Amino acid sequence: MEKLAGKTVLITGASSGIGLATARLFQAEGARVAITGRDPENLARAREVLGNEALVLQSDAGSLEAIDAALAQVQARFGKLDVLFLNAGVSVALPLEHVSEARFDEVMDVNIKGAFFTLQKALPLLATPASVIMTTSITNRMGSPHFSVYAASKAALRSLVQSLALELVGRGVRVNAISPGPIETPIYERVGLPAAMVQGIKGEIARKSPSGRFGTPEEVAKVALFLACEDSAYLVGEEIVVDGGMSLL
Numbered sequence: 179m180e181k182l183a184g185k186t187v188l189i190t191g192a193s194s195g196i197g198l199a200t201a202r203l204f205q206a207e208g209a210r211v212a213i214t215g216r217d218p219e220n221l222a223r224a225r226e227v228l229g230n231e232a233l234v235l236q237s238d239a240g241s242l243e244a245i246d247a248a249l250a251q252v253q254a255r256f257g258k259l260d261v262l263f264l265n266a267g268v269s270v271a272l273p274l275e276h277v278s279e280a281r282f283d284e285v286m287d288v289n290i291k292g293a294f295f296t297l298q299k300a301l302p303l304l305a306t307p308a309s310v311i312m313t314t315s316i317t318n319r320m321g322s323p324h325f326s327v328y329a330a331s332k333a334a335l336r337s338l339v340q341s342l343a344l345e346l347v348g349r350g351v352r353v354n355a356i357s358p359g360p361i362e363t364p365i366y367e368r369v370g371l372p373a374a375m376v377q378g379i380k381g382e383i384a385r386k387s388p389s390g391r392f393g394t395p396e397e398v399a400k401v402a403l404f405l406a407c408e409d410s411a412y413l414v415g416e417e418i419v420v421d422g423g424m425s426l427l
């Protein structure tokens, strides 16, 4: 039986990685899917993967105007939302003394402000019941040198999940989070470090992991499916860690 049959889903930051893997799984489980992303080339590839039935939107997750425009298109196409997966995120690897105000604002705009206002603006579209999922990170509980701004944004998002879960549960909206650890996604290539350094960092992370490897986007997508469907109907304000044991070290 399809777990999301007849459901409508919006996934932000879904032109690659965890978001795209989740969109594919949700489609396979019967959902009508809308996704957003910023990169035109990645969006074109995502459109090929998801087919014409998916609504693929170019949208900046940190821009309120872009959020309004994307939600208007979702409403025009689908009318309502049963699942909102706030997955869009950016990361910057910089030591404290090199973080500019512009880079700080970019991370905060996408990772926390964008998530907050997307949920706020999507409220009129959310069905009863509905599931909201936010992507946090194990960096919200672990120290991570050179990723202080990213980690702080994800800690703020974790706090937001707890507060909004209590605020919205009475309306039939469940809010929960997925906290990924090292997952094989393009985000590592986008942090602004040389390719050789990125490969070295990834190798060291894999060696430290109790599981001895990176996770896959598909493994995270299965957790998102659990949170999206009725299997998790009594789960409210929780954060499920998907990290191969990394945060236990």
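Position 109 (the sequence shown) corresponds to 287 in our numbering; numbering is contiguous. C-beta atoms are modelled at their ideal positions from N, C-alpha and C, and glycine is treated no differently. Since the model is a prediction, treat every value here as computed from it, not as a measurement.
With 16 as the cutoff for other CB atoms within 10 Å, does residue i come out buried or exposed?
{"i": "Q377", "result": "exposed"}
{"i": "P372", "result": "exposed"}
{"i": "P358", "result": "buried"}
{"i": "D421", "result": "buried"}
{"i": "A266", "result": "buried"}
{"i": "S389", "result": "exposed"}
{"i": "G197", "result": "buried"}
{"i": "A222", "result": "exposed"}
{"i": "G195", "result": "buried"}
{"i": "A374", "result": "exposed"}
{"i": "L427", "result": "exposed"}
{"i": "G381", "result": "exposed"}
{"i": "A280", "result": "exposed"}
{"i": "G350", "result": "exposed"}
{"i": "S337", "result": "exposed"}
{"i": "M179", "result": "exposed"}
{"i": "S278", "result": "exposed"}
{"i": "A206", "result": "exposed"}
{"i": "A406", "result": "buried"}
Pull up the CB-CB distance for residue i and residue j, whole angstroms please, since I reckon it's below 8 Å.
{"i": "L403", "j": "K181", "result": "6 Å"}
{"i": "I356", "j": "I418", "result": "6 Å"}
{"i": "I383", "j": "L335", "result": "Not confirmed; about 22 Å, so no contact."}
{"i": "I213", "j": "A224", "result": "6 Å"}
{"i": "G215", "j": "V288", "result": "Wrong, their Cβ atoms sit about 12 Å apart, outside the cutoff."}
{"i": "G208", "j": "A183", "result": "4 Å"}
{"i": "L297", "j": "L342", "result": "7 Å"}
{"i": "R210", "j": "L228", "result": "At roughly 11 Å, the Cβ-Cβ gap does not stay under 8 Å, so R210 and L228 are not in contact."}
{"i": "F263", "j": "V339", "result": "Incorrect: roughly 13 Å between the Cβ atoms, too far for contact."}
{"i": "F295", "j": "L242", "result": "6 Å"}
Relative to the alpha-carbon of residue i, which residue among the options has its alpha-carbon at the smallest distance?
{"i": "A300", "options": "A280, D260, E279", "result": "D260"}
{"i": "R385", "options": "M312, N354, G423", "result": "G423"}
{"i": "A399", "options": "E275, A333, L426, I361", "result": "I361"}
{"i": "V414", "options": "E207, A308, G359", "result": "A308"}
{"i": "S193", "options": "I245, P364, A343", "result": "P364"}
{"i": "G348", "options": "S425, A247, G197, T306", "result": "T306"}
{"i": "V268", "options": "A250, A232, T190", "result": "T190"}
{"i": "E284", "options": "A209, V327, E416", "result": "V327"}
{"i": "L249", "options": "L303, S425, L344, I311", "result": "L303"}
{"i": "A271", "options": "S337, G229, F282", "result": "F282"}
{"i": "L274", "options": "N265, A201, A330", "result": "A330"}
{"i": "S410", "options": "R391, A254, Q340, R352", "result": "R352"}
{"i": "Y412", "options": "I379, R391, N354, L427", "result": "N354"}
{"i": "V276", "options": "H324, S337, N220, L338", "result": "Correcting the residue type first, residue 276 is His in the shown sequence and not Val. The shortest C-alpha separation from H276 is found at H324."}
{"i": "I245", "options": "E219, L405, R255, G292", "result": "G292"}
{"i": "F256", "options": "V234, E243, L242, D238", "result": "V234"}
{"i": "V310", "options": "M286, V252, L346", "result": "L346"}
Would you say residue i faces chain C, with C-beta separation under 8 Å as the test?
{"i": "R385", "result": "Looking for chain C here will not work: only one protein chain is present."}
The segment 315-327 touching the segment 392-408, judged by at least three CB pairs closer than 8 Å: no
Runs of beta strand (DSSP E) lying entirely within the segment 262-331, each at least 3 residues, in chain order: 304-313
Return the chain-ordered ranges of every alpha helix (DSSP H) run that is complete within the segment 370-405 and spans a minimum of 4 residues. 373-386
Jot down the residue ranges of each uninterrupted alpha helix (DSSP H) in the segment 216-256, minimum 4 residues, whole runs only, in chain order. 218-228, 242-256
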